[in-house]
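Shown next, in structure tokens, is the structure this report addresses.
In my numbering, the protein residues as written are 6 to 207.
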């Protein structure tokens, strides 16, 4: 429902340490086993990625998210935390090995269940994006990433509105370019396999 995300974003604010940690665990993990303390999340936007190895759509989406993460991560202001829906540790480890970001340890099922309940996760993949203060910016992060990739950053409703307005303008002013190009490609392939710049066609 349009506008619903805005209301949720305005009202939902969370304390990251209490959200992601528990009394007997003050760290997240990397896929090499490294433990990462809460201080590493200070000043960063955080994406909570609800996903699982048995989920086909998750396997399709995860590479897109990896691409966006690898582009944004070096800037130091964006992190992702994997919240697994797997039932077995081996399945979790195998799937997590393909991810460059952090995760709630598989052994902490209480935190994983609590996050699923808190964010009302009904299906996966599901990506909730929080700002630096723990405020929910977007609950439909999967859609943002799938549709716009890294251009969706900083993942606010305002940014998505801006992108849509740019697309509408391009559709009106340069319809051929809009329908033939993409954000990562500004050429077409000729019959003999050569790349032809859209500037040469239009």
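Even for Gly, the Cβ is constructed at its ideal location relative to N, Cα and C.
query, result
"Per-residue burial, residue 146 [other beta carbons within 10 Å of its own, 16 or more giving buried]", "buried"
"Own chain partners of residue 26 with C-beta closer than 7 Å, once the 5 adjacent residues on each side are dropped", "43"
"Boundaries (first-last residue) of the beta strand (DSSP E) holding residue 87", "83 to 89"
"Whether residue 139 touches residue 64 by CB criterion (7 Å)", "no"
"Cβ pair residue 88, residue 117 closer than 7 Å", "yes"
"Every unbroken alpha helix (DSSP H) within the stretch 79 to 144, with a cutoff of 4 residues, ordered by chain", "94 to 101, 114 to 123"
"Whole-angstrom distance between residue 177 and residue 170, CA atom to CA atom", "11 Å"
"Residue 183 in three-state terms, based on DSSP", "Model confidence at residue 183 stands at a pLDDT of 48, short of 50, so the residue's coordinates are unreliable; what they give is reported in the following sentence. Helix."
"Residue 82 versus residue 36: straight-line alpha-carbon distance, rounded", "20 Å"
"The beta strand (DSSP E) enclosing residue 158, as first and last residue numbers", "No beta strand (DSSP E) holds residue 158; DSSP gives it neither H nor E."
"Opening and closing residue of the beta strand (DSSP E) in which residue 56 lies", "50 to 56"
"Cut-off 6 Å between Cβ atoms - residues of its own chain near residue 96, not counting five sequence neighbours on either side", "58"
"Spatially closest choice to residue 24 from 151, 100, 109, 71, by CA coordinates", "109"
"Residue 173 Cβ short of 6 Å to the ligand FMN heavy atom set", "This structure lacks the ligand FMN, and indeed carries no ligand of any kind."
"Counterpart residues of residue 30 in DSSP-defined beta bridges", "27"
"Bridge-paired residues (DSSP) for residue 40", "34"
"Three-way DSSP call (helix, strand, coil) for residue 18 in this model", "strand"
"Under the three-state DSSP convention, the category residue 63 falls into", "helix"
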